[in-house]
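Asks: Numbered per numbering that gives the first Met the number 0, the sequence shown spans residues 0 to 137.
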Amino acid sequence: MREVFLLAILFAAAVSDIRSRTVPNVLAAASLPIGLAFSILAPQKSDPYFTTCLLAVLLFLLLFWSRGKLGGGDVKLAILVAFLQPAKDGLWLIAVSGLISLTIGILVLVTRKSTEIPLAPGMFLAAVLRIIIKGGTI
Numbered sequence: 000m001r002e003v004f005l006l007a008i009l010f011a012a013a014v015s016d017i018r019s020r021t022v023p024n025v026l027a028a029a030s031l032p033i034g035l036a037f038s039i040l041a042p043q044k045s046d047p048y049f050t051t052c053l054l055a056v057l058l059f060l061l062l063f064w065s066r067g068k069l070g071g072g073d074v075k076l077a078i079l080v081a082f083l084q085p086a087k088d089g090l091w092l093i094a095v096s097g098l099i100s101l102t103i104g105i106l107v108l109v110t111r112k113s114t115e116i117p118l119a120p121g122m123f124l125a126a127v128l129r130i131i132i133k134g135g136t137i
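1. Three or more C-beta pairs closer than 8 angstroms, one from the region 9 to 20 and one from the region 49 to 69: is that the case here?
2. Nearest to Ile78 by alpha carbon, out of Gly34, Thr21 and Val107?
3. Determine, using beta carbons only, whether Ile116 and Gly97 come nearer to each other than 8 angstroms.
4. According to the Cβ coordinates, are Ala126 and Leu92 closer than 8 angstroms?
5. To which residues of the same chain is Leu118 closer than 6 angstroms at the C-beta, ignoring the five residues directly before and after it?
6. Roughly how many whole angstroms lie between the Cα atoms of Asp88 and Asn24?
7. If Lys75 sits next to Ala27, beta carbons under 8 angstroms apart, how far is it from one beta carbon to the other, in whole angstroms?
8. Between the Cα of Ser38 and those of Ala12, Ala29 and Arg1, spot the shortest distance and give me the residue it belongs to.
9. Between the Cα of Met122 and those of Trp64, Thr102 and Ser65, spot the shortest distance and give me the residue it belongs to.
10. Rounding to the nearest angstrom, what Cα-Cα distance links Val109 and Leu60 in this structure?
11. Excluding the 5 residues flanking Phe63 on each side, which residues of the same chain have their C-beta closer than 6 angstroms to its C-beta?
12. Please tell me whether Ala13 and Pro85 are closer than 8 angstroms, where the distance is taken between their beta carbons.
13. Using a Cβ-Cβ cut-off of 8 angstroms (strictly less than) and excluding sequence neighbours within five positions of Leu90, which residues of its own chain qualify?
Shown next, in the form of structure tokens:
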């Protein structure tokens, strides 16, 4: 259930990010309480080390957002990923989505000469890749 919810949200965010370079606030605002409910009602075990690392990554993303280098929707999606996954998987998804987004960004910079890089498609592709690797679960 978590996987379907996460993929649906990330897909909608990716489509919006590609089309308009924004992740609608309503999408993030609606999904964060549901993600939090999943975390409370069906908690997953996490290693404290990975939890600490995940929190550090989220704080780092917030820092980039506060300086105008990252969109608020991208940070909200990363927080949603953190709510829905054990910390180790959340770190993996955020790291791999960063690498995928970097690749997309290089292609965008080379082909369009734009400096705006969509991050939500990278998060969606990382989640799909994680499901393939783990055999049906994120």
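No residue lacks a Cβ here, since even glycine has one placed at the ideal position from N, Cα and C. Since this is a predicted model, take the numbers as computed values, not measurements.
Replies: Checking against the coordinates, here is how it stands:
1. In this structure the region 9 to 20 does not touch the region 49 to 69; the number of beta carbon pairs closer than 8 angstroms is below three.
2. Gly34
3. no
4. Note that the C-beta distance between Ala126 and Leu92 is below 8 angstroms.
5. Asp73 and Ser100
6. 25 angstroms
7. Yes, Lys75 and Ala27 are in contact; Cβ-Cβ is about 4 angstroms, under 8 angstroms.
8. Arg1
9. The candidate whose alpha carbon is nearest that of Met122 is Thr102.
10. 25 angstroms
11. Leu69
12. no
13. Phe49, Cys52, Leu53 and Val56
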